[in-house]
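Working notes, structure below.
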Amino acid sequence: MTTPVLKLGIPAGSLQEATGELFRKAGYKISFPSRSYYPTIDDPEIHCTLIRAQEIARYVQDGSLDCGLTGHDWVVENDAKVTELAELVFSKVSRKPVRWVLAVPTESPIQTPKDLQGKRIATEVVNITRRWLASHGVTANVEFSWGATEVKPPRLADAIVEVTETGSSLRANNLRIVCDILTSTTRFIANDNAAVDPWKRRKMDDLILMLRGAMAAENKVGLMMNVRKADLEKVLAVLPAMLKPTISGLSDPNWADVMAILDEDAVRRLIPDLKRSGASGIVEFPLTKIID
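Using full-length UniProt numbering, the letters of the sequence shown correspond one by one to residues 1 to 292.
This is how it looks when you write it as structure tokens:
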């Protein structure tokens with residue numbers, strides 16, 4: 001009997017390593033052999049294809065891929081008819097959404113969308129930009145940019161629509177942001193037919209569960225400690241108010257075991273306070289996944 005296979009698109013380029021690292025944290029051994037567009041993964045039921053994020057939505061729509069990870073921006077740009085199964089907020093720099101912004105030279109007189117009438121705009125998201133201009137009643141010349149978009153104003157373009165996380169590249173090229181056009185995060189998308197196929201849907205849902213669990217555990221640690229029951233109230237008061245620690249009995253009826261999940265950067269402040277409040281045997285341990 002032939003083993004069923006899920007055809008998964010992995011974004012090449014800036015998201016490649018971030019995606020690979022997330023898969024590894026989720027428990028999958030994935031690697032990217034040089035000069036190969038087929039990443040290896042330790043699951044015989046998944047076949048990976050490395051492809052530009054800009055194209056994944058199109059190939060998922062037509063069924064060449066069952067599913068893939070790509071930005072919401074590229075789904076919108078391609079007007080792709082796909083099923084979105086999950087939002088996974090990660091990018092090449094941070095765990096924050098990316099922004100497509102309208103930017104102009106610092107000294108440009110352009111201040112509002114209306115000032116773009118008749119101007120030349122360079123961008124990789126031509127369709128998004130044209131639709132945005134139309135929503136403002138503006139007609140402009142929108143040209144596709146193959147890259148290095150930031151260097152085109154003012155000689156080759158009056159303005160650009162470019163993606164940014166921090167804005168540092170725009171500032172380095174003496175550009176200022178006029179306004180935001182679209183906010184985007186990574187999405188797990190599926191072909192409409194694959195999304196209703198029982199085996200493929202279960203395989204995708206299981207994969208999403210593990211990816212989300214790995215993301216939820218990022219920057220979190222577990223903390224375990226022994227506490228005299230007489231000191232339990234004081235110790236619990238030290239922990240963040242929204243926290244719901246697990247309290248278990250020990251063989252000694254006068255003691256309890258307390259376990260909590262905390263933000264990693266809070267631990268160095270909390271441990272001394274917990275010690276002073278009566279906690280002992282404090283153990284910090286790493287987390288790989290948190291599954292709700």
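Heads up, the beta-carbon is just placed ideally off N, CA and C, and yes, glycines get one too.
Limits of the unbroken alpha helix (DSSP H) element including histidine 72
Counting from one through the sequence shown, the residue named residue 72 turns up at place 72. Annotation: the continuous alpha helix (DSSP H) that includes histidine 72 extends over 72-77.
To the nearest angstrom, how far is the alpha carbon of glycine 27 from that of phenylalanine 285?
In the sequence shown, the residue the question calls residue 27 occupies position 27. In the sequence shown, the residue the question calls residue 285 occupies position 285. So the alpha carbons of these two residues sit roughly 18 Å apart.
Mind pulling the alpha helix (DSSP H) runs of 4 or more residues that sit fully within the region 155-230?
For the region 155-230, whole alpha helix (DSSP H) runs of length 4 or above, ordered along the chain, are 168-172, 192-196 and 198-217.
Could you compute how far the alpha carbon of isoleucine 128 sits from the alpha carbon of leucine 236?
Indexing the sequence shown from 1 puts residue 128 at position 128. Indexing the sequence shown from 1 puts residue 236 at position 236. The straight-line gap from Cα to Cα measures roughly 51 Å.
Where the beta strand (DSSP E) through leucine 50 begins and ends
As a working note, residue 50 is residue 50 in the sequence shown. DSSP places leucine 50 inside the beta strand (DSSP E), whose first and last residues are 46-52.
Do alanine 195 and lysine 229 have their beta-carbon atoms positioned less than 8 Å apart in this structure?
Mapped onto the sequence shown, residue 229 falls at position 229. Mapped onto the sequence shown, residue 195 falls at position 195. Alanine 195 sits away from lysine 229, with the two beta carbons spaced by 8 Å or more.
Presumed contact (8 Å Cβ cut-off) between alanine 159 and lysine 119, rounded CB distance
Taking the first residue of the sequence shown as 1, we reach residue 159 at position 159. Taking the first residue of the sequence shown as 1, we reach residue 119 at position 119. Cβ-Cβ separation between alanine 159 and lysine 119: approximately 6 Å, consistent with a contact (criterion under 8 Å).
Any idea what DSSP makes of phenylalanine 23, helix, strand or coil?
As a first step, residue 23 is located in the sequence shown; it is residue number 23 there, counting from the start. Here phenylalanine 23 sits in helix by DSSP.
So, using beta-carbon positions, are threonine 19 and isoleucine 189 closer together than 8 Å?
Position 19 of the sequence shown holds residue 19. Position 189 of the sequence shown holds residue 189. Pairing threonine 19 with isoleucine 189 gives a Cβ-Cβ distance that is not under 8 Å.
Proximity to glutamate 107 [Cα-Cα], best of Pro154, Glu45 and Asn78:
Locating residue 107 in the sequence shown gives position 107, where the first residue counts as 1. Out of Pro154, Glu45 and Asn78, Pro154 has the C-alpha closest to the C-alpha of glutamate 107.
Within 10 Å of its beta-carbon, does valine 258 have 16 or more other beta-carbons around it, so buried, or fewer, so exposed?
Along the sequence shown, one-based indexing puts residue 258 at 258. With 16 or more other Cβ atoms within 10 Å, it is buried.
Could you name the residues of the same chain whose beta carbon sits closer than 6 Å to that of phenylalanine 23, not counting the 5 residues immediately before and after it, in chain order?
Translated into positions along the sequence shown, residue 23 becomes position 23. Closer than 6 Å at Cβ, skipping near neighbours: Ile30.
With distances taken between CB atoms, is the gap from tryptophan 132 to isoleucine 181 smaller than 8 Å?
Taking the sequence shown and counting its residues from 1, the one referred to as residue 132 is at position 132. Taking the sequence shown and counting its residues from 1, the one referred to as residue 181 is at position 181. Closer than 8 Å, so yes.
C-beta contact flag for valine 101 and glutamine 117 at 8 Å
Along the sequence shown, read from residue 1 onward, the residue named residue 101 stands at position 101. Along the sequence shown, read from residue 1 onward, the residue named residue 117 stands at position 117. Taking 8 Å as the cut-off, the Cβ atoms of valine 101 and glutamine 117 do not count as close.
Can you grab the Cα-Cα spacing for the pair glycine 9 / aspartate 73, in whole Å?
Against the sequence shown, residue 9 aligns to sequence position 9. Against the sequence shown, residue 73 aligns to sequence position 73. Roughly 16 Å separates the two Cα atoms.
Let me check understanding here. Comparing Cα to Cα, which of Val267, Ala214, Met215 and Asn254 lies closest to proline 240?
By 1-based counting over the sequence shown, the position of residue 240 is 240. Comparing Cα positions, the closest option is Val267.
Straight-line gap, glutamate 45 to leucine 65 (C-alpha atoms, nearest Å)
Taking the first residue of the sequence shown as 1, we reach residue 45 at position 45. Taking the first residue of the sequence shown as 1, we reach residue 65 at position 65. The alpha-carbon atoms of glutamate 45 and leucine 65 are separated by roughly 14 Å.
Helix, strand or coil for glycine 13, going by three-state DSSP, please let me know.
The residue you call residue 13 lines up with position 13 of the sequence shown. Glycine 13: helix per DSSP, three-state reduction.
Would you tell me roughly how many angstroms separate the C-alpha atoms of alanine 80 and aspartate 62, rounded to the nearest one?
By one-based count along the sequence shown, residue 80 stands at place 80. By one-based count along the sequence shown, residue 62 stands at place 62. When rounded, the distance between both Cα atoms is 9 Å.
Does any heavy atom of the ligand PLP sit closer than 7 Å to the C-beta of leucine 116?
The ligand PLP is absent from the structure shown, which contains no ligand whatsoever.
Range of the contiguous beta strand (DSSP E) that encloses glutamate 143:
Counting from one through the sequence shown, the residue named residue 143 turns up at place 143. DSSP places glutamate 143 inside the beta strand (DSSP E), whose first and last residues are 141-144.
Tell me the DSSP bridge mates of lysine 7?
Sequence index remark: in the sequence shown, residue 7 carries index 7 (1-based). Note: lysine 7 sits in a beta bridge opposite His47.
What does the alpha-carbon distance come out to for the pair valine 163 and isoleucine 208?
Along the sequence shown, read from residue 1 onward, the residue named residue 163 stands at position 163. Along the sequence shown, read from residue 1 onward, the residue named residue 208 stands at position 208. Isoleucine 208 has its alpha-carbon roughly 26 Å from the corresponding atom of valine 163.
Which value, in whole angstroms, describes the spacing of the CA atoms of lysine 200 and proline 4?
Within the sequence shown, numbered from 1, the residue matching residue 200 stands at position 200. Within the sequence shown, numbered from 1, the residue matching residue 4 stands at position 4. The straight-line gap from Cα to Cα measures roughly 9 Å.
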